[in-house]
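First up is the structure itself, then whatever we jot down about it.
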Amino acid sequence: MDGVHKKLLEKQGYRIVGKHSAIKVCLWCKRSIKAKDACYKNTFYGINSWQCIQSSVSITNCYLRCKFCWRDLSITEPEEIKDPDSPKFIVDNLIKEHVKYLQGFYGDKEINDQRMEEAIKPRHIALSLAGDATLYPLLPELIGEIHSRNMTSFLVTNGLRPDVLKKLLVTKNTPTQMYITLAAPDKETYLKTCNPLIDNAWETLQESLEILPQFPRNTIRLTLAKGINMHNPEGYAKILKPLNIKFIELKAAMPVGYAQYRVEYSSMPSHKEIKEFSEEIAKILNYKIVNEKENSRVTLLMKEDSEDRKIKF
Ligand code: SF4
Ligand code: SF4
Numbered sequence: 001m002d003g004v005h006k007k008l009l010e011k012q013g014y015r016i017v018g019k020h021s022a023i024k025v026c027l028w029c030k031r032s033i034k035a036k037d038a039c040y041k042n043t044f045y046g047i048n049s050w051q052c053i054q055s056s057v058s059i060t061n062c063y064l065r066c067k068f069c070w071r072d073l074s075i076t077e078p079e080e081i082k083d084p085d086s087p088k089f090i091v092d093n094l095i096k097e098h099v100k101y102l103q104g105f106y107g108d109k110e111i112n113d114q115r116m117e118e119a120i121k122p123r124h125i126a127l128s129l130a131g132d133a134t135l136y137p138l139l140p141e142l143i144g145e146i147h148s149r150n151m152t153s154f155l156v157t158n159g160l161r162p163d164v165l166k167k168l169l170v171t172k173n174t175p176t177q178m179y180i181t182l183a184a185p186d187k188e189t190y191l192k193t194c195n196p197l198i199d200n201a202w203e204t205l206q207e208s209l210e211i212l213p214q215f216p217r218n219t220i221r222l223t224l225a226k227g228i229n230m231h232n233p234e235g236y237a238k239i240l241k242p243l244n245i246k247f248i249e250l251k252a253a254m255p256v257g258y259a260q261y262r263v264e265y266s267s268m269p270s271h272k273e274i275k276e277f278s279e280e281i282a283k284i285l286n287y288k289i290v291n292e293k294e295n296s297r298v299t300l301l302m303k304e305d306s307e308d309r310k311i312k313f
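Residue numbers (my numbering): 1 to 313.
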């Protein structure tokens, strides 16, 4: 990452950590500190949004250039990170930068004092902000480092490194919840939506999807935009059916960050449209919509709702 790009990211609210990582305090974390609302992962899985660090350990590294990506796609390094920072350095400094940012909230009359006290002791790290964490070569060790601090982790990947997923399983450093984004119901849509920078990306994604059910809290997320990838529910269902996935999220793509230059506002599905699309897929899969959050335009499908949906802390 060069100095110009670093400055640009900082202007957008990112705080850079070391050579290739960053945090950005998310809107939901800010809202939840004011006890106004919380993110859909609080609704669905019970994580405390006010104690969550939104982070990336691979801010510019990714094999894809998805239309709905928040990143500046002109800076995409389709390769594994060389000379990586250590997991301890990264976790120490993700926490440090996040807490430093939150210190600025003291004095804001709207904050909830108890939430603020809890917020400066984060308990959860979401590895999902931008870039793909599987391109950080010490990912299993990083997950281990997060968990050793009694924190939980959510990992979202595009599924283009099945070898890294296997490594997480073999080393038993599996994230608390493991996500793969399924951005298309068929290869043609995938290539148009995600613009891969590697060969056989679609086929590699299928390989990762087959591994995903081995993770205890396995999740597939469909990020949907009208006129781009929100069609062919049968195609999505055909991919999902044999996997027996625990959690399936259907979510409207949000034209925020750089996505606003690639995805028209009118392409963003309403909650009603997300729900209708969810119902079509759920029907084919014999799943149910077990939860939803209207202002995030997201639904959660499961075979049957279960008590372990909410993470125990
Ligand atoms: S899980 Fe995501 S949306 Fe929720 S608080 Fe963490 S970073 Fe924000
Ligand atoms: S996989 Fe994620 S980081 Fe990579 S281009 Fe797509 S949305 Fe952006």
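The beta carbon of each residue, even a glycine, is placed where N, CA and C say it ideally should be.
Margin query: Just to confirm the assignment, what range does the beta strand (DSSP E) spanning F247 have?
Written below: F247 to A252
Margin query: Is the separation between the beta-carbon of C66 and that of N173 shorter than 9 Å?
Written below: no
Check: ligand 2 heavy atoms versus the CB of N158: any closer than 8 Å?
Finding: yes
Item checked: Which listed residue (V57, K24 and S74) has its alpha carbon closest to that of A259 -> S74
Next item on the list: State the DSSP-derived secondary structure class of H147, mapped to helix, strand or coil.
Entry: helix
Check: Would E234 be called buried (16 or more neighbouring beta carbons within 10 Å of its own) or exposed?
Finding: exposed
Note to self: Assuming the contact rule is C-beta atoms closer than 8 Å, E178 and T219 should be a hit. Round their C-beta distance to whole Å, please.
What the structure shows: Note that residue 178 is Met in the sequence shown here, rather than Glu. 7 Å between Cβ atoms; contact.
Notebook entry, point to check: What are the boundary residues of the alpha helix (DSSP H) that V170 is part of?
Noted result: P162 to V170
Next item on the list: Quick one: measure Cβ to Cβ for T181 and N158, integer angstroms, because I've assumed they're closer than 8 Å.
Entry: 6 Å
Check: Taking 8 Å as the line, does the beta carbon of Y190 fall inside it for any heavy atom of ligand 2?
Finding: no
Note to self: Let me check you understand the geometry: is the CB of S130 closer than 8 Å to at least one non-hydrogen atom of ligand 2?
What the structure shows: Just to set this straight, residue 130 is Ala in the shown sequence, not Ser. Within the cutoff, so yes.
Next item on the list: Excluding the 5 residues preceding and the 5 following A35 in the sequence, name in chain order all residues of the same chain whose CB lies nearer than 8 Å to its CB.
Entry: N112 and R115
Notebook entry, point to check: DSSP on S86, reduced to helix/strand/coil?
Noted result: coil
Notebook entry, point to check: Closest by CA to S270, which one among L285, M254, E280 and R262?
Noted result: M254
Notebook entry, point to check: Under the three-state reduction of DSSP, which class applies to T223: helix, strand or coil?
Noted result: strand
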